[in-house]
Amino acid sequence: MHLWLAILLIVVALIAGAALGFYFARRYMFKYLKENPPINEQMIRVMMAQMGRKPSEKQVRQMMSQMNKFQQ
35 MHLWLAILLI
45 VVALIAGAAL
55 GFYFARRYMF
65 KYLKENPPIN
75 EQMIRVMMAQ
85 MGRKPSEKQV
95 RQMMSQMNKF
105 QQ
């Protein structure tokens with residue numbers, strides 16, 4: 035009888051550990067991406083300059099708003 039209880043506790047602990055690990059990892063990644071967005075305005079300017087374009091401020095803002103919409 036004690037063997038089944040031990041096996042049950044091990045299985046429950048593994049499931050709980052996996053669930054909590056997933057939750058905290060997901061929360062950490064969302065916080066990291068919010069603090070350090072993958073693309074900022076300077077990167078957009080550099081990208082457009084490499085393509086041979088001189089972007090206006092309006093174009094940069096439009097691209098940033100599109101990127102923010104896409105991320106959410």
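Each residue of the sequence shown is one higher than the one before, starting from 35 at the first, in my numbering.
Glycine residues also receive a C-beta, built at the ideal position from the N, C-alpha and C atoms.
Straight-line Cα distance separating residue j from residue i
| i | j | result |
| --- | --- | --- |
| residue 54 | residue 41 | 20 Å |
| residue 103 | residue 49 | 35 Å |
| residue 66 | residue 57 | 14 Å |
| residue 60 | residue 77 | 26 Å |
| residue 73 | residue 87 | 18 Å |
| residue 68 | residue 62 | 10 Å |
| residue 96 | residue 105 | 14 Å |
Within 8 Å, strictly: CB atoms of residue i and residue j
| i | j | result |
| --- | --- | --- |
| residue 82 | residue 89 | yes |
| residue 75 | residue 45 | no |
Residue closest to residue i, alpha-carbon to alpha-carbon, out of the options
| i | options | result |
| --- | --- | --- |
| residue 92 | 38, 62, 79 and 85 | 79 |
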